[in-house]
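Read the structure below first, then the notes.
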Amino acid sequence: MRAVRIHEYNKPLGVDDVPEPKITSPFDIIIKIKGAGVCRTDLHIQEGIWKDIFNPKLPFIIGHENVGIVEDMGSSVDWLQRGDQVILHPYVTCRRCRACRAGNDMHCPNGKFPGLDGTDGGYAEYLKTSAFSAIKVPKGVDLISMAPLADAGLTAYHAVKKVSKELYPSTLLAIIGVGGLGHIGIQVAKAITSARIIAIDIDEGKLRMAKEFGADYTVLAKDAVDEIGKITDNTGVDVVIDFVGEHNTPRDSLHMIRKGGTYSIVGYGGEFRDHTVDFISREISVVGNLVGTYNELAELVELYTQGKVRVKVKTFPLNEANQALEELKSGKILGRAILLP
Numbered sequence: 628m629r630a631v632r633i634h635e636y637n638k639p640l641g642v643d644d645v646p647e648p649k650i651t652s653p654f655d656i657i658i659k660i661k662g663a664g665v666c667r668t669d670l671h672i673q674e675g676i677w678k679d680i681f682n683p684k685l686p687f688i689i690g691h692e693n694v695g696i697v698e699d700m701g702s703s704v705d706w707l708q709r710g711d712q713v714i715l716h717p718y719v720t721c722r723r724c725r726a727c728r729a730g731n732d733m734h735c736p737n738g739k740f741p742g743l744d745g746t747d748g749g750y751a752e753y754l755k756t757s758a759f760s761a762i763k764v765p766k767g768v769d770l771i772s773m774a775p776l777a778d779a780g781l782t783a784y785h786a787v788k789k790v791s792k793e794l795y796p797s798t799l800l801a802i803i804g805v806g807g808l809g810h811i812g813i814q815v816a817k818a819i820t821s822a823r824i825i826a827i828d829i830d831e832g833k834l835r836m837a838k839e840f841g842a843d844y845t846v847l848a849k850d851a852v853d854e855i856g857k858i859t860d861n862t863g864v865d866v867v868i869d870f871v872g873e874h875n876t877p878r879d880s881l882h883m884i885r886k887g888g889t890y891s892i893v894g895y896g897g898e899f900r901d902h903t904v905d906f907i908s909r910e911i912s913v914v915g916n917l918v919g920t921y922n923e924l925a926e927l928v929e930l931y932t933q934g935k936v937r938v939k940v941k942t943f944p945l946n947e948a949n950q951a952l953e954e955l956k957s958g959k960i961l962g963r964a965i966l967l968p
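Going by this note's numbering, the residue at position 62 of the sequence shown is 689; the numbering climbs one at a time, nothing skipped.
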């Protein structure tokens with residue numbers, strides 16, 4: 628089968644012919660990939676940012692946002708059938724540790740992360756994974772454009788849901804970064820909270836997209852602190868969700884938040900510093916976000932199926948993976964890129 632693999636850091640990915648995966652355990656499934664989302668994390672893998680964390684053996688197939696059709700399954704899988712269309716939770720968990728038993732499966736210390744930690748992922752024609760990672764998608768639902776929900780959408784949903792109890796009517800939520808995650812985060816916030824939403828980005832085209840997806844206000848990043856001061860009579864917003872997490876966004880976020888507000892960090896790559904007395908005197912909360920749980924992905928799939936969440940996508944054939952990553956890196960993708968095997 629054709630597969631896109633990383634052979635060397637900071638080099639283009641290779642499009643290779645590799646053997647098709649085989650069933651090796653009773654709970655394995657083989658998925659015929661219909662769409663694989665292109666994530667900024669894939670760029671970070673290519674750049675070697677994750678190599679010291681996972682120390683993966685190269686080469687391996689990347690890609691962790693995957694949808695497809697069940698092609699084959701192990702002997703103990705009795706809840707799926709060949710031909711089912713599914714979306715895959717990106718983290719393969721042990722299902723027996725305390726985190727898994729508590730429903731916080733993304734914190735499983737024994738899991739594997741296909742496409743990230745050296746386990747083969749979904750930039751390929753076929754993928755082997757655990758049947759426990761699969762969520763069935765109803766027939767007739769557009770499967771391909773769902774692929775980014777497996778990580779980008781799930782992470783955005785997790786972040787919004789975590790702060791949703793603070794977003795009652797009359798509250799203000801600032802969303803920084805209207806990219807692959809941010810445009811989904813806006814829709815999720817509209818669907819599950821009553822907050823008014825301020826979308827912030829450096830790109831006017833992305834701000835127009837934010838309006839399309841339900842933002843109440845749009846603000847250019849360079850003017851964000853001043854404009855939010857005007858919108859809120861210098862009180863500040865209740866919650867900031869930062870889908871960028873680098874450059875000036877951490878610093879600016881702390882200047883946008885009201886007393887008792889929350890700074891929720893999703894994007895990474897930067898750092899933030901402030902005097903500790905500021906956190907005490909204003910009682911600011913800072914929250915980090917990982918990918919969401921299996922159950923949260925199922926909830927997000929339901930929102931998508933109901934038409935309350937849409938994903939803006941641009942598709943590329945599998946052999947143009949490097950082109951898709953380059954367009955993502957240069958900011959040319961509105962929404963999310965998807966590879967089609």
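All residues carry an ideal CB built from backbone N, CA and C; glycine is no exception.
In this text, all values refer to a predicted model and were calculated from it rather than measured experimentally.
Going by beta carbon distance, what residues of the same chain come within less than 6 Å of residue i, once the five residues before and after it are set aside?
i, result
"Ile811", "Gly780, Ala783"
"Ser772", "Val938, Val940"
"Ile892", "Asp869, Gly872, Gly915"
"Gly695", "Ile658, Lys659, Ile660, Lys661"
"Thr798", "Ala822, Asp865"
Spatial neighbours of residue i within its chain, please: C-beta separation below 8 Å, excluding the five flanking residues on both sides.
i, result
"Val852", "Asp879, His882, Met883"
"Gly958", "Asp830"
"Val918", "Pro717, Tyr718, Met733, Asp778, Leu781, Thr782, His785"
"Asn637", "Gln673, Glu674, Gly675"
"Pro686", "Arg632, Ile633, His634, Gly641, Asp643"
By alpha-carbon positions, which one of the options ends up nearest to residue i?
i, options, result
"Ser837", "Asn861, Glu854, Leu808, Thr820", "Strictly speaking, residue 837 in this sequence is Ala, with Ser absent from that position. If we check each option's Cα against that of Ala837, Leu808 comes out closest."
"Asn922", "Ala761, Asp869, Thr903", "Ala761"
"Arg723", "Gly738, Asp711, Pro877", "Gly738"
"Lys661", "Ile676, Gly701, Leu715", "Leu715"
"Leu707", "Gly742, Gly690, Phe681, Pro765", "Pro765"
"Phe943", "Thr756, Leu966, Gln933", "Leu966"
"Ile676", "Gly897, Glu839, Val631, Arg629", "Gly897"
"Ala842", "Gly856, Gly749, Ala848, Ile824", "Ile824"
"Ser652", "Pro741, Glu953, Val913, Met700", "Met700"
"Glu635", "Arg629, Met628, Lys678, Ala848", "Lys678"
"Asn861", "Gln814, Leu770, Arg885, Pro877", "Arg885"
Please go through the same chain and pick out, in chain order, the residues whose beta-carbon is closer than 7 Å to the beta-carbon of residue i, but skip the five residues on each side of it.
i, result
"Glu854", "Val846"
"Gly888", "Gly863, Val864, Asp865, Val866, Ile911"
"Val704", "Phe654, Ile656, Ala758"
"Gly832", "Leu961"
"Lys788", "Ile819, Glu923"
"Pro683", "Asp744, Gly745"
"Gly894", "Gly804, Asp869, Phe870, Val871, Gly872, Glu873"
"Gly730", "Thr920, Asn922"
"Gly710", "Ile696, Val697"
"Arg667", "Leu955"
"Ala951", "Val665, Phe943, Ala964, Leu966"
"Thr720", "Cys727, Asp732, Cys735, Gly738"
Classify residue i as helix, strand or coil using the three-state DSSP reduction.
i, result
"Ser703", "coil"
"Arg709", "coil"
"Glu698", "strand"
"Val918", "coil"
"Val725", "As written in the sequence, residue 725 is Arg, which differs from the Val given in the question. In this structure, Arg725 counts as helix in the three-state DSSP scheme."
"Asp901", "coil"
"Leu967", "strand"
"Gly809", "helix"
"Asp679", "helix"
"Ser880", "helix"
"Pro944", "strand"
"Tyr975", "Nothing in the structure corresponds to residue 975, since the chain is present only between 628 and 968."
"Asp732", "helix"
"Lys886", "strand"
"Val913", "strand"
"Val768", "coil"
"Val790", "helix"
"Asn637", "coil"
"Val719", "strand"
Could you spell out where the alpha helix (DSSP H) holding residue i opens and where it closes?
i, result
"Thr668", "667 to 673"
"Tyr921", "921 to 932"
"Gly856", "851 to 858"
"Arg629", "Arg629 -> not in any alpha helix (DSSP H); beta strand (DSSP E) instead, spanning 629 to 633."
"Ala837", "831 to 839"
Output the boundary residues of the beta strand (DSSP E) element that contains residue i.
i, result
"Gln712", "712 to 715"
"Ile802", "799 to 803"
"Leu847", "844 to 847"
"Arg823", "823 to 828"
"Leu754", "753 to 757"
"Asp643", "641 to 644"
"Ala761", "761 to 763"
"Asp869", "864 to 869"
Residue i and residue j look like a contact to me (Cβ under 8 Å); what is the Cβ gap, rounded to whole Å?
i, j, result
"Gly664", "Glu698", "That pair is no contact at about 20 Å."
"Ile672", "Asp747", "Contact flag wrong, Cβ pair sits at about 13 Å."
"Asn949", "Leu640", "6 Å"
"Ile827", "Ile802", "7 Å"
"Ala751", "Val631", "7 Å"
"Leu945", "Val936", "That pair is no contact at about 26 Å."
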